[in-house]
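Here's the structure we're looking at; comments come further down.
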Amino acid sequence: MIVSAVYLDLDEEYVAETALSKVDCVLRASNGALDFGFSDKVIRVTFSYFIQDYTLLSGSHYCAAGVLPISAAPVLGNSFLRAAYVVFDWDNINVYLAQAANYGFEMVSISSGEDAVPSQHHQLLDHS
Numbered sequence: 004m005i006v007s008a009v010y011l012d013l014d015e016e017y018v019a020e021t022a023l024s025k026v027d028c029v030l031r032a033s034n035g036a037l038d039f040g041f042s043d044k045v046i047r048v049t050f051s052y053f054i055q056d057y058t059l060l061s062g063s064h065y066c067a068a069g070v071l072p073i074s075a076a077p078v079l080g081n082s083f084l085r086a087a088y089v090v091f092d093w094d095n096i097n098v099y100l101a102q103a104a105n106y107g108f109e110m111v112s113i114s115s116g117e118d119a120v121p122s123q124h125h126q127l128l129d130h131s
């Protein structure tokens, strides 16, 4: 489902010998993006993050998308996580998502317990 939609959007060609999906490298430099929705939260992943550059042992070069059709539940890995700010609150079994942005070096520690994610940051992070 999600993999098929991504493949269709990017006009990809699955290459069995590499287990990757080939996509036009020109897309990587374009202003395009993919939007991933989680309830009411959308994480936008630019093509420059989502499309990876590969060189095979043979020396051939191509680009591939950062999603693989490996199971019924595809994994959005590094390509997705570079575009998202994700907090896994194991104590309260919650996940918080926000669009990644560079706001400088303000670090906020997350403790444990019921109020693990500081309340002033709940407005920035959507609970999923």
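4 is the number of the first residue of the sequence shown in this note's numbering; add one for each residue after it.
Even glycine gets a Cβ: it sits at the ideal position worked out from N, Cα and C.
Nearest neighbour of Ala22 by Cα position, chosen from Thr49, Ser42, Tyr65, turns out to be Tyr65. Ile46 has Phe39 as its beta-bridge partners, per DSSP. Of the candidates Lys25, Ser115, Asp118, the residue whose Cα lies closest to the Cα of Gly69 is Lys25.
A contact is defined here as three or more CB-CB pairs under 8 Å, and the stretch 81-101 meets this definition with respect to the stretch 45-57.
Within 10 angstroms of the beta-carbon of Glu117 lie fewer than 16 other beta-carbons, which makes it exposed. In the DSSP assignment, Ser82 falls within the alpha helix (DSSP H) that extends over 81-84. Under DSSP, Ile96 takes part in no beta bridge, so it has no partner. Phe41 counts as exposed, since fewer than 16 other beta carbons sit within 10 angstroms of its beta carbon. Taking C-beta atoms under 8 Å as the contact rule, Tyr88 and Ala67 fail to qualify, at a distance of about 25 Å.
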